[in-house]
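Undergrad: Numbering (full-length UniProt numbering), first residue to last: 1 to 477.
Structure in structure tokens, see below.
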């Protein structure tokens with residue numbers, strides 16, 4: 001028996017032993033085509049290992065960065081299911097009980113056999129610079145934004161909604177499709193801002209221009225959007241021309257901190273995640289500077305739960321550091337307590353705080369399923385590495401929102417002043433049907449148009465009591 005054959009036999013025996021002790025239902029397919037267990041059925045959920053270098057790499061550096069590289073390269077892959085199916089296969093045995101029964105001799109023998117084996121390749125993520133928070137410099141901000149958003153408009157169109165909205169949707173019903181979720185989100189934001197004809201709106205981090213165009217079409221505002229993504233600007237400007245909104249919507253390539261002028265309303269939908277905690281004063285000071293007295297500011301951002309102290313909060317868990325390094329360079333998340341504190345410190349009065357965590361869980365799951373359904377087209381557009389990383393990232397986000405390790409808050413504030421703030425006494429106006437402005441269709445909550453044909457997704461299963469959050473079929477608990 002050759003050395004390679006002995007390594008394979010040792011690893012196969014260890015894998016079968018560990019799988020039995022952990023009572024796992026997932027199987028394994030090894031680089032020679034053999035299976036663990038040997039009678040693993042065709043089509044069963046399995047982890048496929050492409051070569052023995054995968055084992056050697058994990059033996060020498062058993063961490064998430066190694067795993068991410070192996071996944072991105074396709075050297076570790078799933079067959080017969082998705083990442084959600086894999087996550088559900090939690091060991092039925094506690095770790096300490098598993099370690100007590102693990103065959104130590106077989107484990108050490110297997111590790112020894114792979115210790116000096118070549119780790120093989122490729123390693124597509126190793127060229128990525130070390131992760132660090134953003135300095136706040138406009139040039140660095142542009143570089144970070146370009147890394148994530150200037151991938152390809154055609155790529156994002158494969159799995160976003162028809163308006164290209166890349167932030168948390170709003171579920172007026174848990175069964176709604178992605179187009180309805182995002183249209184209802186745009187409507188919800190416009191209502192929270194109490195937009196009216198003639199208002200001027202600053203759309204900070206405007207993405208592909210969906211909110212700016214929607215607010216101009218349906219609320220008669222004049223909108224100014226800024227983003228640092230060149231591809232987003234090109235898409236948005238073409239959309240503005242197509243819709244005939246040149247006189248009411250302007251989208252430009254510009255850092256948010258350099259914006260001037262005065263606006264009745266300001267929306268910042270999903271930009272704070274890119275700014276960096278140390279740069280929050282610049283962010284809030286900028287909004288304070290450009291918002292007119294009596295105007296409203298809607299801040300929409302992903303958050304993490306607060307920790308015992310700020311130092312502990314700033315310390316990133318390995319999985320979050322992985323996300324910011326390979327998906328969102330320079331990114332950091334706030335906690336809602338600090339968001340409210342920073343608003344008050346910078347001269348704002350907070351009127352409304354709404355948690356939309358479960359809405360983002362549903363949104364990310366729909367995104368994931370649409371991208372997975374269009375995987376071949378995505379690979380043709382941006383390559384296999386980027387596609388596999390984005391599939392894993394969207395799955396991880398859906399799981400994180402479902403498990404409540406991250407949240408999503410919308411916070412409405414105005415400049416602090418003496419006397420009445422000028423808002424209605426209740427939230428009732430947010431949920432009433434409203435008449436259309438001249439030249440625009442009437443829009444009420446959940447009044448989205450019939451969605452365009454979309455890839456198959458995992459359909460949520462509604463419970464009888466409508467307000468009760470549902471647990472969609474096939475999703476993790």
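Quick reminder that beta carbons are idealized off the backbone N, C-alpha and C, glycines included.
Measure the CB-CB distance between residue 224 and residue 268 and report whether it falls below 8 Å.
TA: Cβ distance not < 8 Å, so residue 224 and residue 268 don't count as in contact.
Undergrad: Just the Cα atoms here: how many angstroms apart are residue 7 and residue 57?
TA: Roughly 14 Å separates the two Cα atoms.
Undergrad: Along the chain, where does the beta strand (DSSP E) containing residue 250 start, and where does it finish?
TA: 249-253 is the span of the beta strand (DSSP E), which, as asked, contains residue 250.
Undergrad: Which word fits residue 448, buried or exposed, when buried means at least 16 other C-beta atoms lie within 10 angstroms of its C-beta?
TA: The predicted model places residue 448 with a pLDDT of 39, which falls under 50 and marks its position as unreliable; any figure quoted below should be read in that light. So residue 448 counts as buried.
Undergrad: For the structure I just gave you, are there three or more beta carbon pairs, one from the stretch 352-362 and one from the stretch 149-165, closer than 8 Å?
TA: Touching, no, given that fewer than three Cβ pairs across the two stretches are closer than 8 Å.
Undergrad: Run through DSSP, which three-state label would residue 82 get?
TA: Three-state result, residue 82: coil.
Undergrad: Over the uninterrupted beta strand (DSSP E) stretch that includes residue 264, give me the two end residues.
TA: Per DSSP, residue 264 belongs to the beta strand (DSSP E) from 263-269.
Undergrad: Closer than 7 Å by C-beta to residue 342: which residues in its own chain qualify, once you throw out the five before and the five after it? Chain order, please.
TA: The residues are 280 and 284.
Undergrad: May I ask you to report which of helix, strand or coil DSSP gives residue 53?
TA: Helix, per DSSP.
Undergrad: Beta-carbon within less than 7 Å of residue 215's beta-carbon, same chain only, minus the 5 sequence neighbours each way: which residues are those?
TA: Cβ within range, chain order: 190, 195, 201, 221 and 223.
Undergrad: For the beta strand (DSSP E) containing residue 203, name the first residue and the last one.
TA: Looking at the DSSP string, the run of the beta strand (DSSP E) that includes residue 203 is 200-204.
Undergrad: Assign residue 227 to one of two classes, buried (16 or more other C-beta atoms within 10 Å of its C-beta) or exposed (fewer than that).
TA: Residue 227 should be labelled buried.
Undergrad: In chain order, what residues of the same chain lie with their CB nearer than 8 Å to the CB of residue 273, ignoring the 5 residues before and after it?
TA: Excluding residues within five positions, the ones whose Cβ falls inside 8 Å are 301, 302, 328, 331, 332 and 333.
Undergrad: Residue 113 and residue 212 - do their beta-carbons sit closer together than 8 Å?
TA: Not a contact, by the Cβ cut-off of 8 Å.
Undergrad: Tell me, to the nearest whole angstrom, how far the beta carbon of residue 91 is from that of residue 24; I am working on the premise that it is less than 8 Å.
TA: Contact holds; Cβ gap of about 6 Å.
Undergrad: Near residue 145, which residues of its chain fall below 7 Å by C-beta distance, leaving aside the five closest residues on each side in sequence?
TA: 228, 229 and 274, listed in sequence order.
Undergrad: Which whole-angstrom value describes the C-beta separation of residue 379 and residue 72, a residue pair presumed to lie in contact below a C-beta threshold of 8 Å?
TA: No, residue 379 and residue 72 are not in contact; Cβ-Cβ is about 12 Å, not under 8 Å.
Undergrad: If you run the structure through DSSP and keep just helix, strand and coil, what is residue 13?
TA: It is helical.
Undergrad: Where does residue 143 sit, in a helix, a strand or coil, going by DSSP?
TA: Note: residue 143 maps to helix in three-state DSSP.
Undergrad: Go through its chain and collect everything with a Cβ distance to residue 312's Cβ below 7 Å, but skip five positions before and after it.
TA: Counting only Cβ-Cβ distances below 7 Å, and skipping sequence neighbours, we find nothing.
Undergrad: Which partner residues of residue 302 appear in the DSSP bridge assignment?
TA: Bridge partners of residue 302: 408.
Undergrad: Answer yes or no: does any C-beta atom of chain C fall closer than 8 Å to that of residue 200?
TA: Of the chains in the structure shown, none is chain C; there is only one protein chain.
Undergrad: What separation, rounded to the nearest whole angstrom, lies between the Cα atoms of residue 186 and residue 297?
TA: Each residue's Cα considered, the two are about 15 Å apart.
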